[in-house]
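Asker: Quick one: the structure is below, and I'll ask about it shortly.
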Amino acid sequence: MIRFRTLLYLFLILMWCSTPNAFGQSVDVGAGSYSTSLPSGAVGPQKANGQNISPKVSSNFAQPIQTNDWWSSLIYPFYGDQHSNVLYAHPLNVRATSSGLEMGHTQNHVFAANDYLYPFTADLRVGMANFTAPSTQVVSYGDWTVTSIWQTGSKDLQATIGHGLPYVYFRVNEGEAEIVPLGSNSTVWHNQEGVLGITTGGKSYGVFAPAGSSWNESGTLRSSLNGKDYFSVAILPDTRPETLELFRSHAYAFVTNSLV
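Below, the structure written as structure tokens:
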């Protein structure tokens, strides 16, 4: 009996000592802890078909990987799309594509069986002239915002979107900003001093480039941004001049470091 207890104690001691090796380094966080590696036999993120996937992040991404947020399809290609599925930021719906960011706003729901659905219809595509990227990656995120990047060679496009924001904030590098209306009956009802007013698909948007900018209208809308690298696009509630001016006055205050 004594021999059995001695062997049992030795076994337990060996198991305890081997635990850090089996589960990687243990990192203490408050009263809890986590391991830096998967236990033997465990699997990481996978698609529905069991294929392993890795997060789509930029080279300078330096935050914990998020797996369950409203923008999760931007960081993980769960459905095989290297850009994203539709992201419901409210009031905007957006979708990353190889050519940039599609933007829309769903005004009415559709009842389907036991669900209320808000189907996505793209009104605009925002990107750069003559530019596509093989994937869209996450640069950084906050508590209600996320910044993504499209990159090919030395050219890149960045977009910051957020829950509750009527704006999307863009930065371009080595390229002209480009707005492509995608909805029906598209009209440009304002084009002055770098500010656009566009109605497309029954919804209205404001586009706000730096002072001194101009937009060239030729089917698509392009601007060199007067040598700057930023602009923003916002969904508008109406087409009144005072509404456009109100949104213009706040369009250059880019949201950063969103924390609760």
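Those letters in the sequence shown? Residues 5 to 264, per the working numbering, in order. Note that CB positions come from ideal geometry on N, CA and C, so glycine has one too.
(1) Quick check on F82: does DSSP put it in helix, strand or coil?
(2) Along the chain, where does the alpha helix (DSSP H) that runs through R185 open and close?
(3) Does DSSP put N189 in a helix, in a strand, or in coil?
(4) In three-state terms, what does DSSP make of T149?
(5) What residues are listed by DSSP as bridge partners for R252?
(6) Got a sec? Which residues, its chain only, sit under 6 angstroms from H87 by beta carbon, not counting five neighbours each side?
(7) Between N177 and the rest of its own chain, which residues show a CB-CB distance below 7 angstroms, the 5 nearest in sequence each way excluded?
(8) Taking the alpha carbon of A93 as the reference point, which residue from P245, F251, I239, G36 has its own alpha carbon closest?
(9) Could you pull the start and end residues of the beta strand (DSSP E) that D119 belongs to?
(10) Bridge partners of L328, per DSSP?
(11) Could you tell me the alpha carbon to alpha carbon distance between T71 and Y80, rounded to whole angstroms?
(12) Can you check DSSP and say which residues form a bridge with V98?
(13) Hey, would you say S30 sits closer than 9 angstroms to Y38, going by beta carbons?
(14) Considering R244, what are the terminal residues of the beta strand (DSSP E) in which it resides?
(15) Starting from S144, follow its DSSP beta bridges and name the residues at the other end.
(16) Just verifying my parser: in three-state terms, what is the DSSP assignment at G231?
(17) Taking buried to mean at least 16 other C-beta atoms within 10 Å of its own C-beta, is G223 buried or exposed?
(18) So, are the CB atoms of V199 and F212 less than 9 angstroms apart?
(19) Report the residue from Y83, S41, W74, W75 whose alpha carbon sits nearest the alpha carbon of I57.
(20) On a CA-only basis, which of W154, Y122, Q111 is nearest S103? Give me that one, please.
(21) Please classify S39: does DSSP put it in a helix, a strand, or coil?
(22) Since L105 and V172 should fall inside the 8 angstroms C-beta cutoff, what is the C-beta to C-beta distance between them, to a whole number of angstroms?
(23) G108: which of Y209, Q55, S227 sits nearest, CA to CA?
(24) Sorted by chain position, which residues of the same chain lie with C-beta nearer than 6 angstroms to F27's C-beta, five sequence neighbours on each side aside?
Answerer: Straight from the coordinates:
(1) By one-based count along the sequence shown, residue 82 stands at place 78. Here F82 sits in coil by DSSP.
(2) Position 181 of the sequence shown, counted from the start, is the residue given in the question as residue 185. For the record, residue 185 in the displayed sequence is Pro; it is not Arg. In the DSSP assignment, P185 falls outside any alpha helix (DSSP H) and within the unbroken beta strand (DSSP E) covering 181–185.
(3) The residue labelled residue 189 in the question sits at position 185 within the sequence shown. Residue state, collapsed to three classes: coil.
(4) What you label residue 149 is simply residue 145 of the sequence shown in a count that begins at 1. Assigned with DSSP and collapsed to three states, T149 falls in strand.
(5) Position 248 of the sequence shown holds residue 252. DSSP lists no partner for R252.
(6) Along the sequence shown, read from residue 1 onward, the residue named residue 87 stands at position 83. Correct list, in chain order: A100, T101, T140.
(7) By one-based count along the sequence shown, residue 177 stands at place 173. Same-chain partners within the cutoff: K159, D160, D233.
(8) Indexing the sequence shown from 1 puts residue 93 at position 89. The candidate whose alpha carbon is nearest that of A93 is I239.
(9) Numbered from 1 along the sequence shown, position 115 holds the residue referred to as residue 119. Residues 119–121.
(10) Lying outside 5 to 264, the shown extent of the chain, residue 328 is not represented and no answer is given.
(11) To locate residue 71, count along the sequence shown from 1; it is residue 67. To locate residue 80, count along the sequence shown from 1; it is residue 76. The straight-line gap from Cα to Cα measures roughly 8 angstroms.
(12) For the purposes of this step, residue 98 is taken as the residue at position 94 of the sequence shown. Answer is L91, M107, bridged to V98.
(13) Numbered from its first residue, the sequence shown carries residue 30 at position 26. Numbered from its first residue, the sequence shown carries residue 38 at position 34. Result yes, Cβ atoms of S30 and Y38 sit closer than 9 angstroms.
(14) Counting from one through the sequence shown, the residue named residue 244 turns up at place 240. Segment: none, R244 is in no beta strand (DSSP E) and carries neither H nor E.
(15) Looking up residue 144 in the sequence shown gives position 140. By DSSP's assignment, S144 forms a beta bridge with T151.
(16) Residue 231 sits at position 227 when you count from the first residue of the sequence shown. Looking at G231 - three-state DSSP - the assignment turns out to be helix.
(17) The sequence position of residue 223 within the sequence shown is 219, counting from 1. Result: exposed.
(18) Working through the sequence shown from its first residue, we reach residue 199 at position 195. Working through the sequence shown from its first residue, we reach residue 212 at position 208. Yes, they are a contact pair.
(19) In the sequence shown, counting from the first residue as 1, residue 57 sits at position 53. Closest by alpha carbon: Y83.
(20) For the purposes of this step, residue 103 is identified with residue 99 of the sequence shown, where counting begins at 1. Among W154, Y122, Q111, the Cα nearest to that of S103 is on W154.
(21) Counted from its first residue, the sequence shown places residue 39 at position 35. The answer is strand: DSSP assigns S39 an E or B state.
(22) Within the sequence shown, the letter at position 101 stands for residue 105. Within the sequence shown, the letter at position 168 stands for residue 172. Confirmed, about 7 angstroms.
(23) In the sequence shown, counting from the first residue as 1, residue 108 sits at position 104. Comparing alpha carbon positions, the residue from Y209, Q55, S227 closest to G108 is Y209.
(24) Here the question's residue 27 lines up with position 23 in the sequence shown. For F27, the pLDDT reaches just 46, beneath the cut-off of 50, and the residue's location in the model is therefore unreliable, leaving the point undetermined.
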